[in-house]
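Student: Just remember that our numbering sits 21 ahead of the position in the sequence shown, which is counted from 1.
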Amino acid sequence: MHTIEFQKRGLPHVHLLLFLHPDNKYPSSTDIDKILSAEIPSHQDDPELYRLVENHMIHGPCGILQPNSPCMKEGKCSRFYPKQFQPQTLLDSNGYPVYHRRNNGHSISKNGVIIDNRYVIPYNPKLLKKYRAHINIEWYNQSTSIKYLFKYINKGYDRVTAVMLSDSDNVAQNVNIQNDELKEYLDCRCISPYEAAWRIFAFPIQGRKPVVERLYFHLPDQHNIIYEDHDDIDDVLSKPTISDSKFLAWMNTNKDFDEARNLTYSQFVSKFVYNKRNRSWQPRKKGYTIGRLIWDIRTVANIQYPTYREACFAMGFLQDDREYVEAIKEAKDWGTTNYLRKLFVLILLTGAMSKPEEVWNQCWHWLADDIAYQYTKSTINSEVQINDDTLRNLTLIEIEQLLHINQRSLKDYPTMPYPQDINLTSYLQNNLVLS
Ligand SMILES: [Zn+2]
């Protein structure tokens, strides 16, 4: 998937996320070295590549070499350059790659400063030669980091809130005019001429392949209806959506098509496509889609249960707190970590878990990964690892804060651990708010 963004000075750039077929993955550090380099090439062996890296793939200089570089925030480079020399590519315990940057004497002169491999932005030599432009390539293999990439490439535009002020002369003349303070604030974003032209010509701004189809499900007569505040109730009730939903249409398709009956709801989208206008599913002619749902129906081992809950019980989902672990586990692949913590707190507040500490023990790592990420980012050396005890404690502090909003505390759940040094709170707030 990709999105196109426009930088402050106007030029477009693309964020592109590619998923490799299982046969074509590059799982080991030797594989990564085949497609990625974070080093200055030899000037003798490949003068063309050397020139391209010099022009497009050098960060800064910043740090002590150039303390007033725009990337410097509070005395540190916000992009963590210079990196450290690294004899070989390796994957750290979180699965993040640390690319090789050997101390091999290769150097480039930029803005009158001699710089070495520690300032090279990772690139692919072939792509760099083909497009002759800045193309930063990074390798990722962890579902957690991929989740953040999605967030990053969809982060939206830079915005500014501006306030309109009248000068004092006008105020004197307009004393009788009612001021609407809300209207005095403008929510603005900057559009450069390049971007304006891009949009006028309707060039693509984002793309995604394959399509992800959202599958809804609901209990009988309990599907969601969307209507406006001022809609007439009779109009709302006569809408076709009242009697139909994507889910009910799926049931109907199962009546008409034998082959549909062998597919679960989520497999179903690979063979059928939903037609919004007819509110029906039709056999798919080409392409494929990923369905998002795990579905099982009220019949378990040939016994039909009167409620879905009982069917879940028969499936073994409700015998213990496993359903809560499963709920959090399922949500971890699509929810932000902040959402997961809220989910855990919500389950805590309902008092539904018989042993919350067991659920915590099984799930806390999923509730912590942005904290680990922020912690690593906030330290000078981005390769430093946070230890489990600190991480667990920081996560507990977050949980405690969420409980406080609901006038509760971890102390209300005696079997749950309680955070040790609650003063770390300010550190967390700063970082999580920033994120
Ligand atoms: Zn920098």
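Glycine is no exception: its CB is placed at the ideal position from the N, C-alpha and C atoms.
Among A335, V366 and E331, which has the Cα closest to the Cα of A348?
Tutor: One-based indexing of the sequence shown puts residue 348 at position 327. Nearest of A335, V366 and E331 to A348, Cα basis: V366.
Student: Per DSSP, what kind of secondary structure is H155 in: helix, strand or coil?
Tutor: What you label residue 155 is simply residue 134 of the sequence shown in a count that begins at 1. Note: H155 maps to coil in three-state DSSP.
Student: Verify whether the separation of the beta carbon atoms of S430 and L423 is less than 8 Å.
Tutor: On the sequence shown, residue 430 is found 409 positions in, with the first residue counted as 1. On the sequence shown, residue 423 is found 402 positions in, with the first residue counted as 1. Taking 8 Å as the Cβ cut-off, S430 and L423 do not qualify as a contacting pair.
Student: For R413, I'd like the list of residues in its chain whose CB is within less than 8 Å of its CB, leaving aside the five on either flank, ordered along the chain.
Tutor: Position 392 of the sequence shown, counted from the start, is the residue given in the question as residue 413. Around R413: W385, A389 and P438.
Student: Relative to ligand 1, is the shortest distance from any of its heavy atoms to the C-beta of Y173 smaller than 7 Å?
Tutor: Along the sequence shown, one-based indexing puts residue 173 at 152. Not under cutoff, so the answer is no.
Student: Are there 16 or more other CB atoms within 10 angstroms of the CB of E95, so buried, or fewer, so exposed?
Tutor: What you label residue 95 is simply residue 74 of the sequence shown in a count that begins at 1. It counts as exposed.
Student: Which residues in the same chain as V119 place their Cβ atom closer than 8 Å to its Cβ, once the five residues preceding and following it in sequence are excluded?
Tutor: In the sequence shown, counting from the first residue as 1, residue 119 sits at position 98. Correct list, in chain order: Q107, T110, L111, L112, D113 and E404.
Student: Taking the alpha carbon of K303 as the point to measure from, which residue in A270, D44 and E69 has its own alpha carbon closest?
Tutor: In the sequence shown, the residue the question calls residue 303 occupies position 282. The amino acid occupying residue 303 in the given sequence is Gln; Lys does not appear at that position. Nearest C-alpha to Q303: A270.
Student: Please confirm if the stretch 117-132 is in contact with the stretch 75-82, defined as three or more CB-CB distances below 8 Å between the two stretches.
Tutor: yes
Student: Can you name the residues that DSSP bridges to Y144?
Tutor: As a working note, residue 144 is residue 123 in the sequence shown. Looking at the DSSP assignment, Y144 forms a beta bridge with S58.
Student: Going by the DSSP bridge assignment, what does T416 pair with across the sheet?
Tutor: Numbered from its first residue, the sequence shown carries residue 416 at position 395. For T416, which the question treats as bridged, DSSP gives no partner whatsoever.
Student: For V35, count neighbouring C-beta atoms within 10 Å of its own C-beta (all shown protein chains included) and say buried if the count is 16 or more, exposed if not.
Tutor: Taking the first residue of the sequence shown as position 1, residue 35 is located at position 14. It is exposed - the Cβ of V35 has fewer than 16 other Cβ atoms within 10 Å.
Student: Tell me whether D131 sits in a helix, a strand or coil according to DSSP, three-state version.
Tutor: Counted from its first residue, the sequence shown places residue 131 at position 110. Going by the sequence as given, residue 131 is Lys instead of Asp. DSSP places K131 in strand when its eight states are reduced to three.
Student: Just to confirm my understanding: we take L284, look at its own chain, exclude 5 residues before and 5 after, and list those with CB closer than 6 Å. What are they?
Tutor: Taking the sequence shown and counting its residues from 1, the one referred to as residue 284 is at position 263. Cβ within range, chain order: n/a, list empty.
Student: Give the DSSP bridge partners of D52, in chain order.
Tutor: Counting from 1 along the sequence shown, the entry for residue 52 is found at position 31. In DSSP, D52 forms no bridge with anything.
Student: Use the C-beta contact count for A281: other C-beta atoms within 10 angstroms, 16 or more gives buried, fewer gives exposed.
Tutor: Residue mapping note: residue 281 aligns to position 260 of the sequence shown, counting from 1. Looking at its Cβ environment, which holds 16 or more other Cβ atoms inside 10 Å, A281 is buried.
Student: Identify whether R12 lies in helix, strand or coil by the three-state DSSP scheme.
Tutor: Outside the shown range of the chain, which is 22 to 456, sits residue 12, and nothing can be said about it.
Student: So, at 8 Å on beta carbons, what are the nonlocal neighbours of S375 in its own chain, with the 5 sequence-adjacent residues on each side left out?
Tutor: Numbered from its first residue, the sequence shown carries residue 375 at position 354. So the list reads D341 and D342, once near-sequence residues are dropped.
Student: Relative to ligand 1, what is the chain-ordered list of residues with a Cβ closer than 6 Å to any of its non-hydrogen atoms?
Tutor: Any residue whose Cβ sits closer than 6 Å to a heavy atom of ligand 1 makes the list: H80, G81, C83, S90, C92, C98, R100 and Y102.
Student: Ends of the beta strand (DSSP E) at L207?
Tutor: Taking the first residue of the sequence shown as 1, we reach residue 207 at position 186. Here the beta strand (DSSP E) through L207 covers Y206 to R210.
Student: Pop quiz: C83 and Y102 are said to be a contact at Cβ under 8 Å. What is the actual Cβ separation, rounded to whole angstroms?
Tutor: Taking the sequence shown and counting its residues from 1, the one referred to as residue 83 is at position 62. Taking the sequence shown and counting its residues from 1, the one referred to as residue 102 is at position 81. The beta carbons of C83 and Y102 sit about 6 Å from each other, so the pair counts as a contact at 8 Å.
Student: Assuming S301 and L236 form a contact by the criterion Cβ under 8 Å, report the distance between their Cβ atoms to the nearest whole angstrom.
Tutor: The sequence position of residue 301 within the sequence shown is 280, counting from 1. The sequence position of residue 236 within the sequence shown is 215, counting from 1. The Cβ separation is near 15 Å, so there is no contact.
Student: Beta-carbon separation of N162 and G228 under 8 Å?
Tutor: Within the sequence shown, residue 162 is the residue found at index 141, counting from 1. Within the sequence shown, residue 228 is the residue found at index 207, counting from 1. Contact flag unset, no.
Student: Could you check the C-alpha separation between D317 and Y360 for me, to the nearest Å?
Tutor: Mapped onto the sequence shown, residue 317 falls at position 296. Mapped onto the sequence shown, residue 360 falls at position 339. The predicted model places D317 with a pLDDT of 48, which falls under 50 and marks its position as unreliable; any figure quoted below should be read in that light. Computed Cα separation, rounded: 25 Å.
Student: State the beta-bridge partners of M93 as determined by DSSP.
Tutor: Taking the first residue of the sequence shown as position 1, residue 93 is located at position 72. Paired residue(s): C98.
Student: Expressed to the nearest angstrom, what Euclidean distance is found between the alpha-carbon atoms of I174 and E331?
Tutor: Position 153 of the sequence shown, counting from 1, holds the residue named residue 174. Position 310 of the sequence shown, counting from 1, holds the residue named residue 331. Answer to the nearest angstrom: the Cα atoms are 42 Å apart.
Student: For the stretch 216-258, which segments carrying the beta strand (DSSP E) assignment without a break, of at least 3 residues, lie completely within its bounds, in sequence order?
Tutor: 232-235
Student: Quick one: give me the first and last residue of the beta strand (DSSP E) that L186 is part of.
Tutor: Stepping through the sequence shown from its first residue, residue 186 is reached at position 165. Note, L186: premise wrong, no beta strand (DSSP E); not H, not E.
Student: Measuring alpha carbon to alpha carbon, tell me which residue in R123, L73 and H23 is nearest Y144.
Tutor: Position 123 of the sequence shown, counted from the start, is the residue given in the question as residue 144. Nearest option by C-alpha distance: L73.
Student: For I135, collect the residues of the same chain with a Cβ closer than 7 Å to its Cβ; drop the 5 residues on either side in sequence, then sort them by chain order.
Tutor: What you label residue 135 is simply residue 114 of the sequence shown in a count that begins at 1. Contacts found: S128.
Student: Residues in its own chain within less than 7 Å of I170 by CB, not counting five upstream and five downstream?
Tutor: Along the sequence shown, read from residue 1 onward, the residue named residue 170 stands at position 149. The sequence given here has Leu at residue 170, not Ile. Shown here for L170: same chain residues with a beta carbon closer than 7 Å to its own, the five before and five after excluded, namely L38 and Y161 in chain order.
Student: Output the distance between the C-alpha atoms of C92 and N157, rounded to the nearest integer angstrom.
Tutor: Along the sequence shown, one-based indexing puts residue 92 at 71. Along the sequence shown, one-based indexing puts residue 157 at 136. Approximately 17 Å, taken between the alpha carbons.
Student: Once the 5 residues before and after E75 are set aside, which same chain residues still bring their CB inside 6 Å of it?
Tutor: Within the sequence shown, residue 75 is the residue found at index 54, counting from 1. Excluding residues up to 5 positions away in sequence, I129 lie with their Cβ nearer than 6 Å to the Cβ of E75 in the same chain.
Student: Pull up the distance between the alpha-carbon of Q381 and that of K276, whole angstroms please.
Tutor: By one-based count along the sequence shown, residue 381 stands at place 360. By one-based count along the sequence shown, residue 276 stands at place 255. For clarity, residue 381 is Trp in the given sequence; the question names Gln instead. If I take the Cα positions, the gap works out to 43 Å.
Student: Alpha carbon to alpha carbon, how far is I420 from Y248?
Tutor: Against the sequence shown, residue 420 aligns to sequence position 399. Against the sequence shown, residue 248 aligns to sequence position 227. Approximately 36 Å between the Cα atoms of the pair.
Student: If you draw a straight line from the C-alpha of K1 to the C-alpha of N408, how long is it?
Tutor: Residue 1 is absent from the model: the chain starts at 22 and stops at 456.
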